[in-house]
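Q: Numbering (this note's numbering), first residue to last: 23 to 59.
Here a beta-carbon is modelled for each residue, glycine too, at the ideal position from N, C-alpha and C.
First, the structure itself, so that you have it in front of you.
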């Protein structure tokens with residue numbers, strides 16, 4: 023990257039791309055049972 027501004031622009035562009043094309047809703051699967059080890 024040539025500067026901090028360039029890095030920031032690339033990260034924001036990636037986040038925008040990811041949110042438009044790859045993001046999916048998260049499927050929660052908690053059944054209400056207590057967690058045990």
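#1: Taking C-beta to C-beta, are residue 36 and residue 29 nearer than 8 Å?
#2: Which residues bound the alpha helix (DSSP H) around residue 39?
#3: In its own chain, which residues sit with a C-beta less than 6 Å from the C-beta of residue 44, not counting the 5 before and 5 after it?
A: In short, the structure shows the following:
#1: no
#2: 26-43
#3: none
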